Amino acid sequence: MTKYIIRAAMQDEANDGWIWAKGFPSRCLVRIVNPDNGYNVVCQVREMDSGFTRKYNQPGAGRVRIRPGTDVLVMSSWYRDGLGGFEPTDRDDQRGCKRLQILPFDGFQFWAQIRAASHHPDVAVRLSARLGLSGVWLGCLGGTLGLYSAIRTEALEPALLPAMLTAVLGIGAVFIGACRGPRPPVPRKDDRRHPAQD
Numbered sequence: 001m002t003k004y005i006i007r008a009a010m011q012d013e014a015n016d017g018w019i020w021a022k023g024f025p026s027r028c029l030v031r032i033v034n035p036d037n038g039y040n041v042v043c044q045v046r047e048m049d050s051g052f053t054r055k056y057n058q059p060g061a062g063r064v065r066i067r068p069g070t071d072v073l074v075m076s077s078w079y080r081d082g083l084g085g086f087e088p089t090d091r092d093d094q095r096g097c098k099r100l101q102i103l104p105f106d107g108f109q110f111w112a113q114i115r116a117a118s119h120h121p122d123v124a125v126r127l128s129a130r131l132g133l134s135g136v137w138l139g140c141l142g143g144t145l146g147l148y149s150a151i152r153t154e155a156l157e158p159a160l161l162p163a164m165l166t167a168v169l170g171i172g173a174v175f176i177g178a179c180r181g182p183r184p185p186v187p188r189k190d191d192r193r194h195p196a197q198d
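So in UniProt numbering, the last one in the sequence shown is 198, and the numbering has no gaps at all.
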């Protein structure tokens, strides 16, 4: 687990499904865990190279500079909110640092891809992932009912349909779990509305 300096994403990347970091293969899928609250997000990570740092640090861009040799993550407010809601680190590179754990996905990439799409900042990507998995599930349901009608016999009939439907419903439950988005952020004290302000 590393303590990172957090920088805000560039405005033109605020709706993209990646963060920038050092030490990871570019475009690999990672799960970022906030150990303080257990919140996590899944996204792509891009390699923070000298070209990105030069563009990020352009004079007049209005961003806090990335200093060489520091553990920095550049992420949008969407992912910061998904990790529990926190602001970028102050200019002194001390106040607002976050301890985060970044875990690359190994093995079954399909699950990681679905999770990353479900955690994407763009609502169209999240909706597409959910509709795609719903279509797969409906296809499984239709295939199951078709298979049942093709192999139905009097000996198998009482137990076959409930078993097949239970399997399809189990697949649906897994798909629902895969499509779950990030948790909403915990409201900060200064963000709460006061009745007198209404």
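Beta carbons: idealized from backbone N, C-alpha and C, even for Gly.
These numbers come from a predicted model, not from an experiment.
- Straight across, the Cα-Cα distance linking residue 22 with residue 125 is about 26 Å.
- In the DSSP assignment, residue 28 falls within the unbroken beta strand (DSSP E) covering 28 to 33.
- When DSSP states are grouped into helix, strand and coil, residue 47 belongs to the strand group.
- Nearest neighbour of residue 45 by Cα position, chosen from 143, 85 and 24, turns out to be 24.
- Looking at the DSSP output, residue 98 sits in a beta bridge with 4.
- In terms of Cα proximity to residue 80, the closest of 150, 92, 60 and 121 is 121.
- Within the same chain, Cβ atoms closer than 8 Å to the Cβ of residue 86 are found at 6, 80, 96 and 98, the five residues on either side in sequence being excluded.
- Annotated as proximal: residue 105 and residue 42, with beta-carbon spacing under 9 Å.
- Residue 125 carries a helical assignment under DSSP once its states are collapsed to helix, strand and coil.
- Here residue 2 is exposed, its C-beta having fewer than 16 other C-beta atoms within 10 Å.
- Nearest in C-alpha terms to residue 40, of all of 93, 116 and 58, is 116.
- Shortest Cα-Cα distance from residue 145 to any of 160, 135 and 132 involves 160.
- The C-beta of residue 123 has fewer than 16 other C-beta atoms within 10 Å across all chains shown, which makes the residue exposed.
- Cα atoms of residue 170 and residue 176: separation of roughly 10 Å, rounded to the nearest angstrom.
- The beta carbon of residue 47 lies closer than 6 Å to those of 26 in the same chain, with the five residues before and after it left out.
- The shortest CA-to-CA distance from residue 133 to any of 143, 112 and 179 is the one to 179.
- Per DSSP, residue 112 lies in no beta strand (DSSP E); the unbroken alpha helix (DSSP H) holding it starts and ends at 109 to 118.
- Contact check for residue 151 against residue 101 fails: the beta carbons are separated by 9 Å or more.
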